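Count the sequence shown with our numbering and you get residues 214 to 748, in order.
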Amino acid sequence: MDPVIIVGAGPVGLTLALALARQEVPTVVLDEGPGKEDPRPARTAVLRPDTAALLERLTGTALDHHGVRWTGWRAMRRRQVVSEIAFAPDEPAPVHIAQHAISGLLRAAAADQPLVEIAADSRLDSIEQEPSGVTAHTRGPNGTYWRGSYLVGCDGTRSTVRKLQDIRFPGRTAVERHAVAALRTELPWTDQALLHRMPPWRSSGPFAGEVTARPLPDGAWRLDWLLPPGKDLVTPELLVARIRETLAGWTDGAAPAYDLLDTGVHTVHHRLARRWRDGRVFLAGDAAHLLGALGTQGLDEGLRDADNLAWKLASAWHHGPHEALLDSYQAERRAVVAARLRATDQALPGRRGGGGGGLRHIVPGTARGHDALLTDGHLGRGALGAPGAYTASPLAPRHLEGEIPVDTPRGAPVSDVRVTAEDGSFVRLRDRLGRGTLLVLLIAPGTGVWDRKHWVSAGVMPRLAAAVTALPHPAELLVAESYPGAPAHSVLLVRPDGHLVTALTGVRPAALYAAAEATVGGAVEEGVGVEAGVR
């Protein structure tokens, strides 16, 4: 069967290629550039724990060696610390990393992966679809025709794929602007991110009263100053004056020595493509959506697009196209991003000081409520920042007998607990994701202190193992000592991308089968699961 064609060799495109390779699907990545990315220290991303874990699985490299995992978060207003959060060493925390470092790790992993082919200097020119596949033509030094089973546009804001498919991209332009500087200096705190609103020092030039500082490796920092609405020019002289003023304010004296590494102006747009699927053509990342105001991260959502789409394309590639499963990519991901955009747009009037009371509908109170909302956005919590849950997914099973609630809402990413794998080894649950298989997790207290051979044939295990073997999609049986909110002997079903399908009390083969069949878009008994074609 023909490979999947991926247009765009940025982080989202390379992540998708490696995620498909992990599931034995070949890909061709069309890179319109020369095959490398120039370092830009001021172009960075904040990754939530689950997306950081995704990149670590695919690259085999700990991101802590290339970025900074925050040890804490501090929010200030004027001279007062209004909130301070410390992350324990074993507690999930955001990772701040330069985008070129992410791309470098992904490119190195792709170079070692025989199922991934990167075609440099290949600019997409046309797309033709047929019932059996897709043909893409590229121009440039290596211009040629490429034949693929599917094509995914990961080619950014000005996506050629989106334009060729005539997909509208409505939204708002320049909802926020930030002056950005990456510099190396010493600040009074280490490895902590800071949001400082209304700092007490005098503002120089066209700057609003908000600055964010986020640590990078080797004593570097990225500083972002919110700019007021408009198109006021930020000159190098104004930015340098603002840097010195900010550093002096934070150190209560003269500005410390600093080495300026990179500068820029970051403009945030909010846009959402009308369609994310057109036959055998899909959109992902910035080609499908733009967001990033109030601390939310567009790249983080783009990586979730790739994770969601990879296992569905892999299933179609190996077992034949299943329209309900492929359609669910748009239904799930577009709904999550749309909800995040709506929440951000509601909050923007409050941040800008405009009328309408938009902020009061989300967070009660005034300034303190606003600080809490911004903290949620930066830390990946609440309506602005928390990973989306596919609660209303067309793949969600319905009316399962014996279903119980756990601390993870149905459709949300699962907690990363320690599990015993089928070979008896102890691993993290997230390490078993992205292999194209469903995960069945039995909660069995006490199993962690005994060798697997002593309990694998005892109690409910034989019956559960038989039920897992009979599922309509490949599945792996795992055992955990505990899971947040799950009682002993309960059984959790987890999708290949780490989202919870259901939790059942005890071993219930019929309900487990119905849930698994619904998850892969199949027909199930009347009253259970979903109808094919629901969008």
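Quick reminder that beta carbons are idealized off the backbone N, C-alpha and C, glycines included. Treat the numbers as computed from the prediction; the structure is a model and nothing was measured.
Kindly confirm or deny that the stretch 494 to 509 and the stretch 537 to 557 touch, where touching means at least three C-beta pairs closer than 8 angstroms. yes
Whole angstroms is fine: what's the gap from A255's alpha carbon to H479's? Residue numbering aside, residue 255 sits at position 42 when the sequence shown is read from its first letter. Residue numbering aside, residue 479 sits at position 266 when the sequence shown is read from its first letter. Approximately 10 angstroms between the Cα atoms of the pair.
Return the Cβ separation of P224 and L512 in integer angstroms, given the expectation that the two are a contact with Cβ distance under 8 angstroms. By 1-based counting over the sequence shown, the position of residue 224 is 11. By 1-based counting over the sequence shown, the position of residue 512 is 299. Indeed they touch by this definition, with Cβ atoms about 6 angstroms apart.
Would you mind sorting R371 into buried or exposed? The rule is 16 or more other CB atoms within 10 Å of its CB. Within the sequence shown, residue 371 is the residue found at index 158, counting from 1. With fewer than 16 Cβ atoms within 10 Å of its Cβ, R371 is classed as exposed.
What do you get for D277, buried or exposed, if any count of 16 or more other CB atoms within 10 angstroms of its CB means buried? Position 64 of the sequence shown, counting from 1, holds the residue named residue 277. It counts as exposed.
Backbone CA spacing between R487 and A679 [nearest angstrom]: One-based indexing of the sequence shown puts residue 487 at position 274. One-based indexing of the sequence shown puts residue 679 at position 466. The alpha-carbon atoms of R487 and A679 are separated by roughly 44 angstroms.
Cβ pair count under 8 angstroms reaching 3, the stretch 267 to 274 against the stretch 393 to 400: At 8 angstroms Cβ cutoff, the stretches do not touch.
In whole angstroms, give me the CA-to-CA distance for G492 and L539. Mapped onto the sequence shown, residue 492 falls at position 279. Mapped onto the sequence shown, residue 539 falls at position 326. When rounded, the distance between both Cα atoms is 10 angstroms.
Whole angstroms are fine: how far does the CA of L516 sit from the CA of L260? Stepping through the sequence shown from its first residue, residue 260 is reached at position 47. Stepping through the sequence shown from its first residue, residue 516 is reached at position 303. The straight-line gap from Cα to Cα measures roughly 9 angstroms.
Can you tell me where the beta strand (DSSP E) with P428 in it begins and where it stops? The residue given as residue 428 occupies position 215 in the sequence shown. Element bounds for P428: E423 to L429.
Please classify G466 as buried or exposed, where buried requires at least 16 other C-beta atoms within 10 Å of its C-beta. Reading the sequence shown from its first residue, position 253 is the one you call residue 466. Result: exposed.
Just tell me which of G601, Q559, T604 and A605 has its CA closest to the CA of H583. Taking the first residue of the sequence shown as 1, we reach residue 583 at position 370. The option with the nearest alpha carbon to H583 is Q559.
Segments assigned beta strand (DSSP E), at least 3 residues, entirely inside the stretch 654 to 739: 688 to 693, 703 to 707 and 713 to 718
If you check the beta carbons only, do P685 and A729 fall under 8 angstroms apart? Residue mapping note: residue 685 aligns to position 472 of the sequence shown, counting from 1. Residue mapping note: residue 729 aligns to position 516 of the sequence shown, counting from 1. Yes. Within cutoff.
How would you label K525, buried or exposed, when you count the other beta carbons within 10 angstroms and need 16 or more for buried? Locating residue 525 in the sequence shown gives position 312, where the first residue counts as 1. By the 10 Å Cβ count, K525 comes out buried.
Counting only C-beta atoms, is T351 closer than 8 angstroms to chain C at any point? Of the protein chains in this structure there is only one, and it is not chain C.
Counting C-beta neighbours from all protein chains within 10 Å, is the total for P307 16 or more, i.e. buried, or is it exposed? Position 94 of the sequence shown, counted from the first residue, corresponds to residue 307. With 16 or more Cβ atoms within 10 Å of its Cβ, P307 is classed as buried.
Reduced DSSP secondary structure (H/G/I, E/B, other) of V388: Indexing the sequence shown from 1 puts residue 388 at position 175. Note: V388 maps to strand in three-state DSSP.
Which class does S528 belong to by DSSP, given the choice of helix, strand or coil? Walking along the sequence shown from the start, residue 528 turns up at place 315. Residue state, collapsed to three classes: helix.
Using only the alpha-carbon positions, how far apart do E343 and T715 sit? Your numbering for residue 343 matches position 130 in the sequence shown. Your numbering for residue 715 matches position 502 in the sequence shown. Answer to the nearest angstrom: the Cα atoms are 37 angstroms apart.
Q342 lies in the beta strand (DSSP E); which residues open and close that run? Against the sequence shown, residue 342 aligns to sequence position 129. Following the DSSP letters along the chain, one finds Q342 inside the beta strand (DSSP E) bounded by residues R336 to E343.
Report buried or exposed for L446, applying the criterion of at least 16 other Cβ atoms within 10 angstroms of its Cβ. By 1-based counting over the sequence shown, the position of residue 446 is 233. L446 should be labelled exposed.
So, using beta-carbon positions, are L608 and G734 closer together than 8 angstroms? Sequence index remark: in the sequence shown, residue 608 carries index 395 (1-based). Sequence index remark: in the sequence shown, residue 734 carries index 521 (1-based). Against a cut-off of 8 angstroms, the Cβ pair of G734 and L608 comes out as a contact.
Bridge partners - F495, DSSP secondary structure assignment: In the sequence shown, the residue the question calls residue 495 occupies position 282. Beta-bridge pairing links F495 to V365 and R490.
Residue range of the unbroken alpha helix (DSSP H) whose run includes D263: Numbered from 1 along the sequence shown, position 50 holds the residue referred to as residue 263. D263 -> alpha helix (DSSP H) spans P262 to T272.
Looking at C-beta atoms only, is the number of pairs between the stretch 336 to 352 and the stretch 283 to 299 that lie closer than 8 angstroms three or more? no
Determine the closest residue to L400 out of P469, D589 and L377, with distance taken between C-alpha atoms. For the purposes of this step, residue 400 is identified with residue 187 of the sequence shown, where counting begins at 1. Taking only the C-alpha atoms, the option nearest L400 is P469.
Ordered along the chain, which non-local residues of its own chain (more than five positions away) have a Cβ less than 6 angstroms from that of R352? Residue mapping note: residue 352 aligns to position 139 of the sequence shown, counting from 1. Cβ neighbours of R352 beyond the five flanking positions: R336 and D338.
Other residues of its chain near P413: CB distance less than 6 angstroms, five sequence neighbours each side excluded: Within the sequence shown, residue 413 is the residue found at index 200, counting from 1. For P413, where only same-chain residues beyond five positions count, the Cβ hits under 6 angstroms are R291 and R292.
By how many angstroms is the C-alpha of E245 removed from the C-alpha of D334? Within the sequence shown, residue 334 is the residue found at index 121, counting from 1. Within the sequence shown, residue 245 is the residue found at index 32, counting from 1. Distance between the alpha carbons of D334 and E245 is about 5 angstroms.
Grouping DSSP H, G and I as helix and E and B as strand, with all else coil, what is D540? Looking up residue 540 in the sequence shown gives position 327. DSSP places D540 in helix when its eight states are reduced to three.
Straight-line CA distance for W438 to W283? In the sequence shown, the residue the question calls residue 438 occupies position 225. In the sequence shown, the residue the question calls residue 283 occupies position 70. So the alpha carbons of these two residues sit roughly 20 angstroms apart.
Going by C-alpha to C-alpha distance, which of G361, A506 and I310 sits closest to E389? To locate residue 389, count along the sequence shown from 1; it is residue 176. Considering only alpha carbons, the answer is A506.
How many angstroms separate the CA atom of G649 from the CA atom of L451? Here the question's residue 649 lines up with position 436 in the sequence shown. Here the question's residue 451 lines up with position 238 in the sequence shown. Straight across, the Cα-Cα distance linking G649 with L451 is about 52 angstroms.
So L651 and A688 are supposed to be a Cβ contact under 8 angstroms. How far apart are they, rounded? Here residue 651 is taken as the residue at index 438 of the sequence shown, counted from 1. Here residue 688 is taken as the residue at index 475 of the sequence shown, counted from 1. Indeed they touch by this definition, with Cβ atoms about 4 angstroms apart.
Between G285 and P327, what straight-line distance do the alpha-carbon atoms span, to the nearest angstrom? For this step, residue 285 is matched to residue 72 along the sequence shown. For this step, residue 327 is matched to residue 114 along the sequence shown. Taking the straight line from one Cα to the other gives about 40 angstroms.
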